[in-house]
Amino acid sequence: MRLLLYADDIVLLAERRRDLQDMLDIVTSYSKKWRFRVNPKKGKSEVMLFGRKPRKTKHERKWCLAGVDIQETDSYKYLGVDLVSSLNFKKLKSRLVADARKRMMLVWAMGMRRGELPVEHCCRVWNALVRPVLEYGAVVWGDVKWEEAEGVQREMGKMILGCSSSMANEVVLGELGWWTLKARRDLLRLKFWGKIVCSMSPSRLVKQVYAHSRARYDAGQKNRWCKYTHALLTELGMEETWLQGKHDGDEKAWDKQLREKIHVREEREWLERMQTKPKLRTYMTLKHELTFEHYLTYDDIQARHVMTRLRGGTNELRIETGRYPITNRDRRLEIHERICLLCLSGEIEDEKHFVLNCTVYEDLRKKMFDVVKRMMLKEREEIEDVLNTEIGKERIFRELMAARVEEYEASAALCNVALAYCKAAMKRRKHIVTYLDQKT
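Following the working numbering, the numbering of the sequence shown begins with 9 at its first residue and continues without gaps.
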């Protein structure tokens, strides 16, 4: 028999019916002695059975507290976690997703929707006010895949980036430098494990439960929590830590080690997922690390949005719009058919053509490179030579679309120049396309 006490909540645990009723009688006697009242009403005091079918006889289903019969229930909420008799967490996860969505829409209305809050601050709001809802109690149940929660995070990311709902999930995570929520739960799990084995007192119930579970697992018996923790440490190349039963170093060092290991895994899996999506042909040449992109700190909201869409493959260029038939009679255009209708050069209207080659934006492009040359006087001749070769153009394209020119140690001003060009060129393109549509 066990007893859990937290504030004014009392939880009685017993393996047999008679033991539980005896504990209820003791609570009744104690309340009479110290003159406080126990509320036996439904929803306040109930009995919940785990791991067995409901009893059928009235006698076996009868429970008494403070002289009043109390009811059995199929679910019970303790310290914010929904426990059900079937021993799964579906009800809890459904409630957490609903709560997270409500909170997400509330914080979205607090200056984020109008763009008044910088992207970095939007991420902090997500990390502080919304994500913790989805991670509540995750050290216990977080070993499962949870696509609904991942969807909430991606939805919030797309709102922050100002991109369309069709933006690839890998781009959302890549631009913001976010892990999947599954990776976050893995981190929380291993941090909690480290706390149990290294700093928790043996008198703590949690420590005793873990010791019992570990002994059963080592003896070859089933234990889901220990099995997943062992598998996770093995996957991260840390099985020796599991075998030792503790980690080396203090809590901060353990946290740092875990973050580094999990980040390497997340980055590798993120790159592998991108390889399976042809739509990310440009993005894969620009982005190789799962880190926050500096251009998102730019003040001009529209310029940021244009750059994100160009990088992520959800832009208005024909390389993308040609994927989708306009009417049922139309067909999807092959890649070589998605030519630029503005400059009539016969080239495919992709991101590289838009940034470097389309003559419609030649004056804007000249202004951009004039600014770049003035900012880098020593490399001026080299830049002019580079623009005259295909290899050089490819390099300049990657640098501009990545919103940085690494070879020239570009400052934040260079990032602003690239963003301003993309914004002005896309605005001009939209006006020309609208004019042509009206003519036809």
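We put the CB at the ideal spot given by N, CA and C, even for glycine.
**Message:** My output table needs one value for Y14: the three-state DSSP class, helix, strand or coil.
**Reply:** Mapped onto the sequence shown, residue 14 falls at position 6. It is a strand residue.
**Asked** Nearest to E259 by alpha carbon, out of D307, T305, S207 and G228?
**Response** Here residue 259 refers to the residue found at position 251 when the sequence shown is read from its first residue. It is S207.
**Request:** Go to S83, then tell me how far its beta strand (DSSP E) extends in each direction, as first and last residue.
**Result:** Translated into the one-based positions of the sequence shown, residue 83 becomes position 75. Where S83 is concerned, the enclosing beta strand (DSSP E) stretches over S83 to Y86.
**CB-CB length for T290 against R319, believed under 8 Å** = Sequence index remark: in the sequence shown, residue 290 carries index 282 (1-based). Sequence index remark: in the sequence shown, residue 319 carries index 311 (1-based). With a Cβ gap of about 7 Å, T290 and R319 count as contacting.
**Message:** What does the Cβ neighbour count give for H361, buried or exposed, with the cut at 16 atoms within 10 Å?
**Reply:** Counting from one through the sequence shown, the residue named residue 361 turns up at place 353. Buried, since its Cβ has 16 or more Cβ neighbours within 10 Å.
**Item:** Opening and closing residue of the beta strand (DSSP E) in which I78 lies
**Value:** On the sequence shown, residue 78 is found 70 positions in, with the first residue counted as 1. Residues V76 to I78.
**Item:** For F300, the residue or residues it bridges with in DSSP
**Value:** One-based indexing of the sequence shown puts residue 300 at position 292. Beta-bridge pairing links F300 to L184.
**Asked** Who does M56 pair with in a DSSP beta bridge?
**Response** As a first step, residue 56 is located in the sequence shown; it is residue number 48 there, counting from the start. Paired residue(s): T81.
**Request:** Indicate whether K215 and W262 have their beta-carbon atoms separated by less than 9 Å.
**Result:** For the purposes of this step, residue 215 is taken as the residue at position 207 of the sequence shown. For the purposes of this step, residue 262 is taken as the residue at position 254 of the sequence shown. No, the pair does not count as a contact, with Cβ atoms beyond the cut-off.
**Message:** Is the beta carbon of V46 closer than 9 Å to that of A15?
**Reply:** Numbered from 1 along the sequence shown, position 7 holds the residue referred to as residue 15. Numbered from 1 along the sequence shown, position 38 holds the residue referred to as residue 46. Going by C-beta atoms, A15 is not nearer than 9 Å to V46.
**Prompt:** Span of the alpha helix (DSSP H) holding W250?
**Reply:** By one-based count along the sequence shown, residue 250 stands at place 242. Here the alpha helix (DSSP H) through W250 covers E247 to Q252.
**Prompt:** Hey, how far is the Cα of D371 from the Cα of L364?
**Reply:** Position 363 of the sequence shown, counted from the first residue, corresponds to residue 371. Position 356 of the sequence shown, counted from the first residue, corresponds to residue 364. For D371 and L364, the distance between alpha carbons rounds to 11 Å.
**Asked** Which partner residues of W42 appear in the DSSP bridge assignment?
**Response** Here residue 42 is taken as the residue at index 34 of the sequence shown, counted from 1. According to DSSP, W42 bridges with nothing at all.
**Message:** According to DSSP, simplified to helix, strand and coil, what is D371?
**Reply:** Start at 1 with the first residue of the sequence shown, and residue 371 comes out as number 363. Reduced to three states, the DSSP call for D371 is helix.
**Asked** Considering only residues of the stretch 139-186, which uninterrupted alpha helix (DSSP H) runs meet the minimum length of 4 residues and lie entirely inside it, listed in chain order?
**Response** 139-142, 146-149, 155-169 and 177-184
**Request:** For the stretch 216-281, list the alpha helix (DSSP H) runs that are entirely contained and at least 4 residues long, ordered along the chain.
**Result:** 232-243 and 247-252
**Prompt:** Between R109 and the rest of its own chain, which residues show a CB-CB distance below 7 Å, the 5 nearest in sequence each way excluded?
**Reply:** Translated into positions along the sequence shown, residue 109 becomes position 101. Once the five neighbours on either side are set aside, the close Cβ partners of R109 are V160.
**Message:** Considering only DSSP beta bridges, list what W71 is partnered with.
**Reply:** As a first step, residue 71 is located in the sequence shown; it is residue number 63 there, counting from the start. According to DSSP, W71 bridges with I78.
**Message:** Measuring straight from C-alpha to C-alpha, what distance separates Y369 and K435?
**Reply:** The residue labelled residue 369 in the question sits at position 361 within the sequence shown. The residue labelled residue 435 in the question sits at position 427 within the sequence shown. Near 11 Å, if we compare the C-alpha coordinates of K435 and Y369.
**Prompt:** Looking at C-beta atoms only, is the number of pairs between the stretch 225-236 and the stretch 279-297 that lie closer than 8 Å three or more?
**Reply:** no
**Request:** Would you check if the stretch 298-317 and the stretch 114-131 touch, i.e. whether three or more CB-CB distances between them fall below 8 Å?
**Result:** yes
**Cβ-based neighbour list, L32, same chain, cut-off 6 Å, excluding 5 preceding and 5 following** = The sequence position of residue 32 within the sequence shown is 24, counting from 1. Excluding residues within five positions, the ones whose Cβ falls inside 6 Å are L73.
**Asked** Helix or strand or just coil, what does DSSP make of K386?
**Response** As a position in the sequence shown, residue 386 is number 378, starting the count at 1. Legend: pLDDT at K386 = 49, less than 50; position of this residue unreliable, value from coordinates given subsequently. Three-state DSSP puts K386 in a helix.
**Request:** Flag this pair as touching only if the stretch 145-153 and the stretch 247-258 have three or more C-beta atom pairs under 8 Å; answer yes or no.
**Result:** no
**Request:** Could you name the residues of the same chain whose beta carbon sits closer than 8 Å to that of S174, not counting the 5 residues immediately before and after it, in chain order?
**Result:** Residue numbering aside, residue 174 sits at position 166 when the sequence shown is read from its first letter. So the list reads T322, once near-sequence residues are dropped.
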